[in-house]
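Residue numbers (my numbering), protein chains in the order written: chain X, 771 to 1235; chain Y, 37 to 135. For every residue, glycine included, the Cβ atom is placed at its ideal position computed from N, Cα and C. As the structure is a prediction and not an experimental result, all values here were calculated from the model.
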Amino acid sequence: MPENLTRREFMRALGLTGAGLTVANLAVPAPVVEAADTKPAPLPNRYWWVKNVDQPTVEIDWKNVKRFNEWQTTRGSLRQYRGEADDDKFNKLQKDNLLKFEKENKPGYTTKDFALEAAVNFNRPAFKFMGPQTAQTPQDRGMPRYEGTPEDNARIVTAALRHMGAATVGFVELNENTIKLIYAQEPSPSKRPILFENVEVGSEEKDKLIVPTKAKTVVVFTVQMSGETMKRGPTKLGSLTTALSYTRLWTILSQAHEFIRALGYQSYGPSEFNGFGIYPAFGVMAGLGELSRLNRLITPEYGPMVRETIFVTDLPLAPTKPIDFGVMQFCKDCMVCATQCPSKSLSLDREPTWEVKGAWNNPGHKAYFENSVTCRNYWNTCGTNCGICFGACPYANDDQASLHKILKGTIASTSLINPAFKAGFDLGMGSDYGIDKPLKDPEEWWRNTNLPEHGINTMIGDRKL
Amino acid sequence: MLWLVLGLVVGAVFVYFAAGQASGKFHIRWYQWLFGVGAAALYLMAIQNYLGFLDELEPAFANLMLVLMGVPAVILTALTWSAPRIFGGKGKQSTARLP
């Protein structure tokens, strides 16, 4: 460079240097990223007020927890619980009411609502105990299976499942306690026992399901549900919330099985609807949320607006811890879900209890047990799966207003002002909300063509692109 | 964009009063700064939560936010203006008047 450099010469030289550096960058290969990063897994950030705890906020007496049979739930034994005569009566009532509501063009029960529910039920993948088993494994290609630390594996499974559409992902190690949360027997009519045996590969047989004991990590994940349709419950428009969520959930479950297989490992999951294990219990143990007055999961990010499922795998995965963000305490003062429940099926007691409401509940934990029979009776009356309690929950919101995070952060820190929050919520909802009618007008939903895909906001939880 | 504009407005108002204070044009007491900052924070929170609840398609809660945060913001603004007269002391002429 000349000693007496003019400003123009200096700028030209700067430009040439910059271009040279750019070309040099293109020519030099980028540093190779190691496949198995040994650093601790940076799992997705949670809100600052979500605390990891050693024991979940629901008290569990593991000695009194037994492996439960899925068919004992009202899904499998409702006819037994309410008697044959009542069962026939309620089933007929459901059929008659649905036809009557459609003929009356009742908002939420119109032909277009029926049509949308039928549509979102379409194309659900079939349940397979070991997944679709179609993906090529590394061994098929003569390659070794994927190897990573449990933390690294937890990170890649979380990233993969979130990319497939899961909202949150957690991991529970199966031990002498947590294995009790796997159903002893499958749903009706098969009622096949789920057995853990010391075998190399599990199998699905006519009379039993066999899981190898080496598959000792449960992967539990959620998908988000649309609050906008759920708040239109107890109508058909409300009930398609869960219908669409299940379609998405089971698609992701099949893809997750394939992902694990393509890494070179095994996975085993439900072979029927609600099969395999108690999903909310695993959600609590994995720290995806807390048990609530709904006797279902409430998550910090999406409130109760999630569906869950699980599978087990022999891929080593670092477990995630339960969380405490004050929900169990808040539920003591709130009670909105229980007061809004048309059939009064949810507990109105202030404190949770060890006493179950019926044989459909699994004892051994201190919870707000629900009367599943009266709940189901109301489902038959309204013709759908209701969902009023989910829509009414103060945690069922989109987190767009900053007040939500301020309130949730405060609730996580102290329970002293919970009654004031509840009073404010009642004020905002007005005096005429809930009880036997949608929180929001179903016809208004059909007028809004600007809602996000699947009706969910995937940026909730401080997600970043 | 909205928050850029609001940030510029809040910044301009602050600079206006801070410069006026420095030049002796205004005599703003410490508690007026306190009330003023509080009012500005409440205005911003009212706007954010009003728009946030509208995004959540909850107009009733949006209006409630205007009342719960907007009304205290207006009261604090009025207090900022009139505080010297209220707290100025008996028989003591306040010089803490804003334009």
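Outcome for residue i when other beta-carbon atoms lying within 10 angstroms are tallied against a minimum of 16
| i | result |
| --- | --- |
| V989/X | buried |
| V881/X | Reading off the sequence shown, one finds Thr at residue 881/X, where the question assumed Val. Classification for T881/X: exposed. |
| V51/Y | exposed |
| Q1169/X | Here residue 1169/X turns out to be Asp, not Gln, going by the sequence shown. Buried. |
| A96/Y | exposed |
| S1117/X | buried |
| N1227/X | buried |
| S59/Y | exposed |
| L796/X | Residue placement at L796/X is flagged as unreliable, the pLDDT there being 40, under the threshold of 50; a coordinate-derived value is accordingly withheld. |
| I1181/X | buried |
| W1/Y | Nothing can be reported for residue 1/Y, as the shown portion of chain Y is limited to 37 through 135. |
| T131/Y | Unreliable placement is indicated for T131/Y, whose pLDDT of 48 sits below 50; the coordinate value is still reported in the next sentence. Exposed, since its Cβ has fewer than 16 Cβ neighbours within 10 Å. |
| R1233/X | exposed |
| A985/X | buried |
| K915/X | What sits at residue 915/X in the sequence shown is Arg, not Lys. It is exposed - the Cβ of R915/X has fewer than 16 other Cβ atoms within 10 Å. |
| N1218/X | exposed |
| L44/Y | exposed |
| W1130/X | buried |
| V793/X | With a pLDDT of only 41 at V793/X, under 50, the local geometry of the prediction cannot be trusted, and no value is derived from it. |
| Q909/X | exposed |
| L1019/X | buried |
| A924/X | buried |
| E887/X | buried |
| W1215/X | buried |
| D858/X | exposed |
| V927/X | buried |
| N875/X | exposed |
Residue i vs residue j beta-carbon contact at 7 Å
| i | j | result |
| --- | --- | --- |
| V46/Y | A77/Y | no |
| L979/X | R962/X | yes |
| V711/X | P1092/X | Here chain X comprises residues numbered 771 to 1235, so residue 711/X is not present and cannot be evaluated. |
| L1064/X | C1159/X | yes |
| G1153/X | N968/X | no |
| F1244/X | L1087/X | The structure shown has nothing for residue 1244/X, since chain X only spans 771 to 1235. |
| A905/X | A1032/X | yes |
| T987/X | L1058/X | no |
| E1078/X | G1053/X | yes |
| P920/X | P1212/X | no |
| R899/X | E956/X | One point to set straight first is that residue 899/X is Phe, not Arg, in the sequence displayed. Cβ atoms of F899/X and E956/X: not closer than 7 Å. |
| R894/X | T1012/X | no |
| A82/Y | A54/Y | no |
| A929/X | F1029/X | no |
| P1050/X | F897/X | no |
| G972/X | Y1038/X | yes |
| L90/Y | A98/Y | yes |
Closer than 6 Å: residue i CB and nearest the ligand COA heavy atom
| i | result |
| --- | --- |
| Q1170/X | Annotation note on the ligand COA: not contained in the displayed structure, which lists no ligands. |
Supposed close pair residue i, residue j - CB separation, criterion 8 Å
| i | j | result |
| --- | --- | --- |
| A119/Y | F62/Y | Not really, about 13 Å apart at Cβ, beyond 8 Å. |
| A1171/X | M101/Y | 7 Å |
| E998/X | L93/Y | 7 Å |
| L10/Y | L42/Y | The first residue shown for chain Y is 37 and the last is 135, placing residue 10/Y beyond what the model contains. |
| N748/X | F892/X | Here chain X comprises residues numbered 771 to 1235, so residue 748/X is not present and cannot be evaluated. |
| D1103/X | K1192/X | 6 Å |
| G1157/X | G1003/X | 3 Å |
| L1061/X | V890/X | No, L1061/X and V890/X are not in contact; Cβ-Cβ is about 28 Å, not under 8 Å. |
| M995/X | V1076/X | 6 Å |
| N1167/X | G1073/X | 7 Å |
| L112/Y | G74/Y | 5 Å |
Problem - the stretch 1180-1196 of chain X in contact with the stretch 1085-1096 of chain X per 3-pair CB rule at 8 Å - result: yes
Problem - the stretch 1207-1214 of chain X in contact with the stretch 993-1011 of chain X per 3-pair CB rule at 8 Å - result: yes
Problem - the stretch 934-944 of chain X / the stretch 818-835 of chain X touching (three or more Cβ pairs under 8 Å) - result: no
Problem - Stretch pair the stretch 1106-1121 of chain X + the stretch 1158-1172 of chain X: three plus CB contacts closer than 8 Å - result: yes
Practice task
Flag this pair as touching only if the stretch 1147-1157 of chain X and the stretch 1117-1136 of chain X have three or more C-beta atom pairs under 8 Å; answer yes or no.
Solution key: no
Handout entry: Three-pair Cβ contact test at 8 Å for the stretch 832-839 of chain X versus the stretch 936-951 of chain X
Key = yes
Problem - Residues from the stretch 904-916 of chain X in contact with chain Y, defined by Cβ distance under 8 Å - result: none
Exercise for the section: Could you run through the stretch 1166-1184 of chain X and flag, in chain order, every residue whose CB is less than 7 Å away from some CB of chain Y? Expected result: N1167, D1168, Q1170, A1171, S1172 and L1173
Practice task
Flag this pair as touching only if the stretch 1067-1086 of chain X and the stretch 836-848 of chain X have three or more C-beta atom pairs under 8 Å; answer yes or no.
Solution key: no
Practice task
Check each residue of the stretch 995-1027 of chain X: if its Cβ is closer than 7 Å to any Cβ of chain Y, include it; give the result in chain order.
Solution key: E998
Exercise for the section: Kindly confirm or deny that the stretch 1073-1088 of chain X and the stretch 846-862 of chain X touch, where touching means at least three C-beta pairs closer than 8 Å. Expected result: no
Handout entry: Contact list for the stretch 960-986 of chain X against chain Y, Cβ threshold 7 Å
Key = none
Practice task
Closer than 7 Å, Cβ to Cβ, to anything on chain X: give me those residues from the stretch 87-99 of chain Y, in chain order.
Solution key: G88, F89, D91, E92, L93, A96 and F97
Problem - Cβ-based contacts, 7 Å cut-off: residues of the stretch 1187-1198 of chain X near chain Y - result: L1197 and G1198
Problem - Interface residues of the stretch 59-79 of chain Y facing chain X [CB-CB below 8 Å] - result: none
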